[in-house]
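Worksheet: one structure, shown below.
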Amino acid sequence: MSTPERNSRLQKLKSLREKGINPYPNRFTPEDYSADILEKFKDDAPEMNVKIAGRVMLVRNFGKAGFCTIKDSKGTIQVYGSKEELGENFNVFKKLDAGDIIGASGILFRTQKGEITVNVKDFQILAKAIMPLPEKFHGLTDTEMRYRQRYTDLIVNDEIKDSFLIRAQIIRSIREQLNAKDFIEVETPVLQQIPGGANARPFETYHNALKIPLFLRIAPELYLKRLIVGGMEKVYELSRVFRNEGISTRHNPEFTLLEVYQAYSDFNGMLELTEELVNNIAKQVSGSEEIEYQGKKYSFKCPFKRMTLTDAVKEYAGIDITKYKEDAQSLLKDFHKKLAELKDKNDDVEDKPETANDNVNFWKVVNDIFEVLVEDKLEGPIFITHYPSETSALAKQDPEAPEYVERFELFISGREHANAYSELNDPVKQKENFEKQVKAKASGDDEAMYMDEDYVNALEMGMPPTGGLGIGIDRLVMMFIDSPSIRDTILFPQMKPKKPMQPEKWKNVIDAINKVSNKFTELAVIQSLKQNGVEATQEVIDEIMDKTSKKEKYNLINTLVTSILEEPGGSTISDKLNKVMKELSSEQDLNKTDFLKKIKSIIE
RNA sequence: GGGCCGCUAGCUCAGCUGGUAGAGCAACGCCCUUUUAAGGCGUGGGUCGAUGGUUCGAACCCAUCGCGGCUCACCA
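Last residue of the first sequence? That's 607 in our numbering, and every number before it is there in order.
What follows is the structure, given as structure tokens:
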């Protein structure tokens with residue numbers, strides 16, 4: 004990209020080099036940081052030498068002196084450079100641009116307005132910035148560019164860095180808490196031959212040497228439980244998982260998942276662990292058990308509320324599923340009736356989910372009711388417990404009520420944040436469940452699980468009763484940075500690539516036209532060719548190009564355009580232009596002269 | 001994938017019922033040794049997301065496409 008700003012900075016770069024100054028020197032070691040300096044000097048210590056480095060954010064220059072605001076990792080500090088102190092070097096100081104990175108040393112003083120400032124005795128450019136910084140007052144607000152160019156976003160929007168500091172704090176807190184409980188952090192394969200542990204579509208890749216397809220993991224679950232089998236009784240993995248699904252404010256194709264497994268525990272143990280983890284994070288990160296998220300207050304005081312799924316459906320959807328004796332059809336009918344009622348009152352209610360086929364399963368309907376009518380009402384934090392066995396292929400059944408599994412999900416602000424269960428360790432039952440999943444996959448369910456024989460084999464070796472837990476870290480971070488979008492918790496969220504603006508074959512033609520500026524010129528060139536021939540037109544173009552002022556260019560062009568419009572038949576010019584463009588689109592390497600000749604031959 | 005909204009200078013944004021593209025910041029030149037988004041005077045900078053169409057004339061109207069945001073669906 005070529006802009007005046009960029010060009011002038013490239014020019015400055017050149018002139019620095021001509022003066023024998025390296026604009027990208029190899030090292031400079033700062034000894035002081037802005038925030039520390041401001042703290043130490045706040046009582047005006049007698050005399051303090053400091054050595055700092057950072058990015059020039061603002062420049063306020065006078066004739067023989069100037070101020071710059073410098074930003075380093077800890078904050079900002081003002082520096083003052085004067086001809087008196089810097090001598091020859093002041094000419095370099097004067098030319099500093101916002102965005103440059105400099106190293107400076109000097110003595111602290113207070114300005115007339117009272118700001119602690121470094122009076123620079125010596126400084127050097129550490130990295131010359133070629134691209135200008137976004138606007139100093141409004142910063143960068145364009146969401147697209149903030150995600151695509153996170154580096155620029157981080158430079159100018161301080162709160163972004165704070166968000167990621169909070170993210171780091173949360174992750175550190177989790178590690179510290181689990182490590183303190185003697186959990187072992189492990190790393191299991193990201194590239195898996197059989198993706199498992201969740202109902203989701205995986206990304207597929209290929210290993211050249213082994214000549215086999217591999218999948219990016221959708222969860223580490225099955226590997227972690229193999230470790231439990233192996234006798235590692237308390238393990239966790241805090242890592243990225245990948246799901247080939249839509250992108251939204253709540254979904255990124257790769258996200259960070261904490262999974263914890265503990266032998267001789269169960270879903271109740273995991274529930275208490277979850278409460279404790281989240282409660283401590285709240286206290287450590289926001290200094291309080293109460294936080295505010297998107298204008299609503301949430302309390303992470305233990306214990307969190309808990310409710311069975313059946314009760315939640317009764318309370319929030321007004322449907323008592325125990326009365327249906329697993330009759331899917333009549334439950335479905337009442338569900339749709341409920342939806343219709345709500346729709347009458349409020350247009351926002353979504354349409355009926357597509358469960359209305361013949362062999363509809365009772366528990367699938369329950370699940371739908373929960374998702375459609377209950378989930379978003381769960382402000383929480385609240386644990387929803389006892390999910391249908393039907394929808395939980397890796398969880399252990401409740402011995403009292405085998406249609407349910409010992410499982411909970413933690414909801415906050417209508418979103419699922421954690422999922423845990425007593426792990427199914429019966430290899431025969433597990434194999435049956437897998438087989439059901441395989442059948443579902445065969446009949447078109449992309450998210451159904453694969454058969455994992457080796458995992459069944461692991462269970463056949465004997466896995467102790469175990470509790471397992473998964474927590475979505477990105478969503479948790481959303482709560483604590485008070486952001487409605489998961490993208491604000493991910494440094495480089497996935498974005499669609501920008502397509503090139505023009506097809507390759509048009510490039511030469513477009514370039515040639517661009518050389519003589521804009522649309523008006525295209526018309527002018529064509530008309531001139533018609534009237535004056537190639538050589539005369541070439542002259543006109545050269546004349547136009549020689550004018551440095553854009554205004555002068557326009558005047559010349561306008562004169563030509565006006566003469567076109569005065570002519571009868573002038574309106575067919577654009578038809579001709581279209582014809583020309585079509586013809587030329589097949590041409591490959593045209594220089595300007597050939598381009599003009601070609602146009603002439605087409606017109607005549 | 002559907003719906004709604006957006007895309008104008010490096011950045012933040014104006015641009016009326018279609019009539020030769022604007023401001024502030026940034027840049028460039030000059031002045032200025034205590035500024036705080038410094039100030040003053042002057043100058044340059046645009047494929048108005050792209051491509052077609054309507055029109056004497058399009059940033060503006062229409063169509064298609066691209067990218068983004070929100071939202072619904074999908075999905076945890």
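Glycine is no exception: its CB is placed at the ideal position from the N, C-alpha and C atoms. Predicted model only: the values in this text are computed from it and were never measured.
### Query
With which residues is LYS58 paired in a DSSP beta bridge?
Sequence index remark: in the first sequence, residue 58 carries index 55 (1-based). It is Arg, not Lys, that sits at residue 58 in the sequence shown. DSSP output for ARG58 lists LYS74, ILE104 as bridge partner(s).
### Task
Taking only the alpha-carbon atoms, compute the straight-line gap between LYS43 and LEU111 and give it to the nearest angstrom.
In the first sequence, residue 43 corresponds to position 40, counting from 1. In the first sequence, residue 111 corresponds to position 108, counting from 1. The alpha-carbon atoms of LYS43 and LEU111 are separated by roughly 11 Å.
### Query
DSSP three-state call for LEU225: helix, strand or coil?
Residue numbering aside, residue 225 sits at position 222 when the first sequence is read from its first letter. Note: LEU225 maps to helix in three-state DSSP.
### Query
For the putative contact between PRO192 and TYR226, defined by C-beta atoms under 8 Å, what is the C-beta separation to the nearest angstrom?
Residue mapping note: residue 192 aligns to position 189 of the first sequence, counting from 1. Residue mapping note: residue 226 aligns to position 223 of the first sequence, counting from 1. Yes, they are in contact, since the Cβ atoms of PRO192 and TYR226 sit about 6 Å apart, within 8 Å.
### Task
Determine, using beta carbons only, whether GLU412 and ASN422 come nearer to each other than 8 Å.
Within the first sequence, the letter at position 409 stands for residue 412. Within the first sequence, the letter at position 419 stands for residue 422. In this structure, ASN422 lies closer than 8 Å to GLU412 by Cβ.
### Message
Rounded to the nearest angstrom, what separates VAL62 and GLU21 at their Cα positions?
### Response
Mapped onto the first sequence, residue 62 falls at position 59. Mapped onto the first sequence, residue 21 falls at position 18. Straight across, the Cα-Cα distance linking VAL62 with GLU21 is about 24 Å.
### Task
Could you check what DSSP says for LEU19 in three-state terms: helix, strand or coil?
Residue 19 sits at position 16 when you count from the first residue of the first sequence. Residue state, collapsed to three classes: helix.
### Task
For VAL59, count neighbouring C-beta atoms within 10 Å of its own C-beta (all shown protein chains included) and say buried if the count is 16 or more, exposed if not.
Here residue 59 refers to the residue found at position 56 of the first sequence. Buried: at least 16 other Cβ atoms inside 10 Å.
### Message
Give me the residue from GLU207, ALA222, TYR154 with the minimum Cα distance to ILE215.
### Response
Counting from 1 along the first sequence, the entry for residue 215 is found at position 212. Nearest to ILE215 by alpha-carbon distance, out of GLU207, ALA222, TYR154, is GLU207.
### Message
Below 8 Å on the Cβ atoms is my contact criterion, and I expect GLY69 with LYS97 to pass it. Report the Cβ-Cβ distance as a whole number of Å.
### Response
By one-based count along the first sequence, residue 69 stands at place 66. By one-based count along the first sequence, residue 97 stands at place 94. Contact between GLY69 and LYS97 is confirmed by a C-beta separation of about 6 Å, below the 8 Å threshold.
### Runs of beta strand (DSSP E) lying entirely within the stretch 108-175, each at least 3 residues, in chain order
119-130, all fully within the stretch 108-175.
### Message
If you follow the alpha helix (DSSP H) that ASN436 is in, where does it begin and where does it stop?
### Response
Counting from one through the first sequence, the residue named residue 436 turns up at place 433. Per DSSP, ASN436 is one residue of the alpha helix (DSSP H) stretching across 430-445.
### Query
Does the beta-carbon of LEU568 have 16 or more other beta-carbons within 10 angstroms, so that it is buried, or is it exposed?
Walking along the first sequence from the start, residue 568 turns up at place 565. Note on LEU568: pLDDT 35, under 50, position unreliable in the model; no value is reported.
### Task
Please go through the same chain and pick out, in chain order, the residues whose beta-carbon is closer than 8 Å to the beta-carbon of ILE173, but skip the five residues on each side of it.
As a working mapping, residue 173 is identified with position 170 in the first sequence. The answer, listed in chain order, is ILE284, VAL288, ILE476, LEU479, VAL480, PHE483.
### Query
In angstroms, rounded to a whole number, what distance separates the CA positions of GLN332 and ILE415?
By 1-based counting over the first sequence, the position of residue 332 is 329. By 1-based counting over the first sequence, the position of residue 415 is 412. Distance between the alpha carbons of GLN332 and ILE415 is about 32 Å.
### Query
So, MET310 versus ILE385, is the Cβ gap smaller than 8 Å?
As a position in the first sequence, residue 310 is number 307, starting the count at 1. As a position in the first sequence, residue 385 is number 382, starting the count at 1. Contact flag set, yes.
### Query
Going by the beta-carbon positions, is the gap between GLY78 and SER37 smaller than 8 Å?
Position 75 of the first sequence, counted from the first residue, corresponds to residue 78. Position 34 of the first sequence, counted from the first residue, corresponds to residue 37. The answer is yes: Cβ separation under 8 Å.
#### Entry: Separation of LYS184 from GLU162, as counted between CA atoms
Counted from its first residue, the first sequence places residue 162 at position 159. Counted from its first residue, the first sequence places residue 184 at position 181. Taking the straight line from one Cα to the other gives about 33 Å.
### Task
Given a cut-off of 8 Å, decide if ASN255 and ILE489 are closer than it, judged by their beta-carbon atoms.
Taking the first residue of the first sequence as 1, we reach residue 489 at position 486. Taking the first residue of the first sequence as 1, we reach residue 255 at position 252. Contact: yes.
### Query
According to DSSP, is THR208 helix, strand or coil?
Stepping through the first sequence from its first residue, residue 208 is reached at position 205. Shown here, THR208 sits in a strand according to DSSP, grouped into three states.
### Counted within 10 angstroms of its Cβ, other Cβ atoms place LYS131 as buried (16 or more) or exposed
As a position in the first sequence, residue 131 is number 128, starting the count at 1. Its Cβ being crowded by 16 or more others within 10 Å, LYS131 is buried.
### Query
Ordered along the chain, which non-local residues of its own chain (more than five positions away) have a Cβ less than 6 Å from that of ASP401?
The residue given as residue 401 occupies position 398 in the first sequence. Excluding residues within five positions, the ones whose Cβ falls inside 6 Å are TYR407, GLU409.
### Cβ neighbour criterion (16 or more within 10 Å) applied to LEU616
The requested residue 616 is not part of the displayed model; the chain covers only 4 to 607.
#### Entry: With 16 other Cβ atoms within 10 Å as the buried cut-off, status of ALA420
Reading the first sequence from its first residue, position 417 is the one you call residue 420. With the sequence shown as reference, residue 420 is identified as His, and Ala is not the correct amino acid for it. Burial call: buried.
### Query
Nearest CA to the CA of LEU168: which residue from GLN81, GLU393, VAL95, SER76?
Here residue 168 corresponds to residue number 165 of the first sequence, with the count starting at 1. Nearest option by C-alpha distance: SER76.
### Query
Does the separation of the CB atoms of LEU312 and TYR424 fall below 8 Å?
Within the first sequence, the letter at position 309 stands for residue 312. Within the first sequence, the letter at position 421 stands for residue 424. Annotated as distal: LEU312 and TYR424, with beta-carbon spacing of 8 Å or more.
### Query
When we look at the beta-carbon of TYR209 and count the other beta-carbons within 10 Å, is it buried (16 or more) or exposed?
On the first sequence, residue 209 is found 206 positions in, with the first residue counted as 1. A residue is called buried when at least 16 other Cβ atoms come within 10 angstroms of its Cβ; TYR209 does not meet this threshold and is exposed.
### Message
In the DSSP output, what is MET310 paired with across the bridge?
### Response
Here residue 310 refers to the residue found at position 307 when the first sequence is read from its first residue. Partner(s): ILE387.
### Task
State yes or no: is the C-beta of LEU181 within less than 8 Å of the C-beta of TYR267?
Reading the first sequence from its first residue, position 178 is the one you call residue 181. Reading the first sequence from its first residue, position 264 is the one you call residue 267. No; because the gap between Cβ atoms is not below 8 Å, this pair is not in contact.
### Query
Just the Cα atoms here: how many angstroms apart are ILE576 and ASP491?
As a first step, residue 576 must be located in the first sequence, where it is residue number 573. As a first step, residue 491 must be located in the first sequence, where it is residue number 488. Low confidence applies here, because ILE576 scores a pLDDT of 39, under 50, leaving its location unreliable; read the following figure in that light. Here the alpha carbons of ASP491 and ILE576 stand approximately 51 Å from one another.
### Task
Tell me, to the nearest whole angstrom, how far the beta carbon of GLY109 is from that of LYS124; I am working on the premise that it is less than 8 Å.
Mapped onto the first sequence, residue 109 falls at position 106. Mapped onto the first sequence, residue 124 falls at position 121. About 5 Å separates the beta carbon of GLY109 from that of LYS124, a gap short enough to meet the 8 Å contact definition.
### Query
What did DSSP end up calling ASP350 once you bin it into helix, strand or coil?
Here residue 350 refers to the residue found at position 347 of the first sequence. Because the pLDDT at ASP350 is just 44, under 50, the model does not fix this residue reliably, and the value given afterwards should be weighed accordingly. In the structure shown, ASP350 sits in coil (DSSP, three-state: anything other than H, G, I, E or B).
### Query
Going by the beta-carbon positions, is the gap between ASP165 and GLN297 smaller than 8 Å?
As a working note, residue 165 is residue 162 in the first sequence. As a working note, residue 297 is residue 294 in the first sequence. Against a cut-off of 8 Å, the Cβ pair of GLN297 and ASP165 comes out as no contact.
#### Entry: Cβ-Cβ separation, LEU397 to VAL368 (assumed contact under 8 Å), whole Å
Counted from its first residue, the first sequence places residue 368 at position 365. Counted from its first residue, the first sequence places residue 397 at position 394. Contact flag wrong, Cβ pair sits at about 22 Å.
### Query
In terms of alpha-carbon separation, which member of GLY84, ASP103, ALA101, THR277 lies closest to ASN94?
Residue mapping note: residue 94 aligns to position 91 of the first sequence, counting from 1. With respect to the C-alpha of ASN94, the residue from GLY84, ASP103, ALA101, THR277 having the closest C-alpha is GLY84.
#### Entry: Own chain, CB closer than 6 Å to ASP186, minus 5 neighbours either side, in chain order
Counted from its first residue, the first sequence places residue 186 at position 183. First, the residue type needs correcting, since residue 186 is Phe and not Asp in the sequence shown. For PHE186, where only same-chain residues beyond five positions count, the Cβ hits under 6 Å are LYS237, TYR239.
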